[in-house]
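Have a look at the structure below before the remarks.
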Amino acid sequence: MLGSVTLGNSAGAVVVSVLVLLSHTSDRTPPGSRRTDGVAGRETVRPVPVPEKEAESPRSGERATPVEPPKPSVSAPSAKPPVSRKSGTPPGGIATGGLAQKESEPPQESQPPKASAPPTETVPRPETAPPTEAALPSPAPPATAATLDLSSLETRLRETKAIGVFTKLSLKNQVDDLLEEFREFHKSPDRSMLTRLRQAYDLLLLKVLSLLQDGDPVLARDISSSREALWSILTDPDKFKDL
Amino acid sequence: MSGRTRAGALIVSTATLFTAPSPAADDPAVLRDLTAVIALQGQPCGQVLTATKQGDNDYIVACKDGSRYRVFVNAEGRVVVQKQ
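Here the protein sequences come in this chain order: D and W. Heads up: the first sequence begins at 55 in the numbering used here, then just goes up one per residue. Heads up: the second sequence begins at 1108 in the numbering used here, then just goes up one per residue.
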């Protein structure tokens, strides 16, 4: 019994040693895989950025689930599989670039909406808001030039042949009406009245420009360029008295 | 001869009297002016086709859309467009 046992044990030991040797030889063929099974494997696999992205949530699952079996398969083609997953058709060499792009793309996609949405909203607001309010302060420099040209503009309007006599008379009537409204405005300034006056002023100027633009485009351009300067004169009580 | 001359003068003067208002209708500048005036007053017209001069700064106009107006300058110096 003892002999059979010892024989069996020795045979078993031999079998085990042979198996161990075989396993070592088989393990030596892919040395990297054996190392990856150890501590180094986890370190090499985890730093790969791709699995971290996709498996940020799965990390807990990987840690809880058997870690070693998937890692050997992943560790050998560690860079390629994720690349092929994300890039799809592009090969590995390009895939790294694709990864870099895609790594940078998600932030770009997440950021641009924030950046693009505000600019579209913020840019128009300053553009729309200032013109109405900043129209008054800005024309200060051109106002002086316009006051100098005011008399010449009036003369040119009288002498232009682009507008008929009847039309000139009619325009003069409307200008006088508007000036009368401005006089009333300066007697009792009202913000709402100023808005209405601005509309009437713009409309009258539009009529003049439409009449001039074909027959006397130079005069039309000069009047159009002095629009704000004229408005500043009309709205300024002191300047208006001098008219 | 004097009788013929008088007759000729009468014919010419009469013709001048009757034809005087019509030249305004043929002047495109006046038609444009009247069209602009009516538009400035906010009245529908489209385009003035004919204009008959009634007096100084006084016209009867016919528009493309069929409407007729009297366009004149009143005593206060204002241009008036009156629907006819």
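Ideal Cβ placement from N, Cα and C applies to all residues, glycine included. No experiment lies behind these values; they were computed from the predicted model shown.
For the pair Leu211 (chain D) and Gly218 (chain D), the Cα-to-Cα distance works out to about 11 Å.
It is roughly 13 Å from the alpha-carbon of Thr1159 (chain W) to the alpha-carbon of Thr1142 (chain W).
For the region 207–223 of chain D, the set of residues with a beta-carbon nearer than 7 Å to any beta-carbon of chain W comprises Gly218, Val219, Phe220, Thr221, Leu223, in chain order. Straight across, the Cα-Cα distance linking Leu257 (chain D) with Val1180 (chain W) is about 23 Å.
A direct Cα-to-Cα measurement between Asp1133 (chain W) and Asp296 (chain D) gives close to 44 Å. Look at Leu1147 (chain W): its C-beta is under 8 Å from a C-beta on chain D.
Classified as exposed, Ser246 (chain D) has fewer than 16 neighbouring CB atoms from the shown chains inside 10 Å of its CB. Put simply, of W:Gln1161, W:Val1155, W:Asp1165, W:Thr1157 the residue whose alpha carbon is nearest the alpha carbon of Leu223 (chain D) is W:Asp1165.
As computed with DSSP, Val1188 (chain W) is found in a beta bridge with W:Val1178. Taking a contact to require three or more Cβ pairs closer than 8 Å, the region 236–252 of chain D and the region 285–293 of chain D qualify as touching. For Asp268 (chain D), the enclosing alpha helix (DSSP H) covers residues 245–269. If you check each beta-carbon in the region 260–292 of chain D against every beta-carbon of chain W, the ones closer than 8 Å belong to Lys261, Leu265. For a Cβ distance threshold of 7 Å, nothing in chain D lies close to Asp1133 (chain W): the least Cβ distance comes to about 15 Å.
Val1188 (chain W) sits close to Ile1145 (chain W), with the two beta carbons spaced by under 8 Å. Residue nearest to Leu1147 (chain W) within the set D:Lys261, D:Glu208, D:Ser206, D:Glu234 is D:Lys261 (criterion: CA-CA distance). By the Cβ neighbour-count rule, Ser205 (chain D) is exposed, with fewer than 16 other Cβ atoms within 10 Å of its own. In this structure, DSSP gives Asp1140 (chain W) a helical state, which the three-state scheme calls helix. With fewer than 16 other CB atoms across the displayed protein chains lying within 10 angstroms of its CB, Thr249 (chain D) is exposed. The beta-carbon separation of Asn227 (chain D) and Arg1139 (chain W), rounded to 19 Å, does not stay under the 8 Å limit for a contact. If you look at Ile287 (chain D), you'll find it in the alpha helix (DSSP H) that goes 281–289. Residues Ala216 of the same chain have their beta carbon placed closer than 6 Å to that of Gly269 (chain D), with the five preceding and five following residues left out of the count. For Leu225 (chain D), a Cβ of chain W is located within less than 8 Å of the residue's own Cβ. The alpha-carbon separation between Leu265 (chain D) and Arg1111 (chain W) amounts to approximately 51 Å. Against chain D, a Cβ distance below 9 Å from Leu1141 (chain W) picks out Gly218, Phe220, Thr221.
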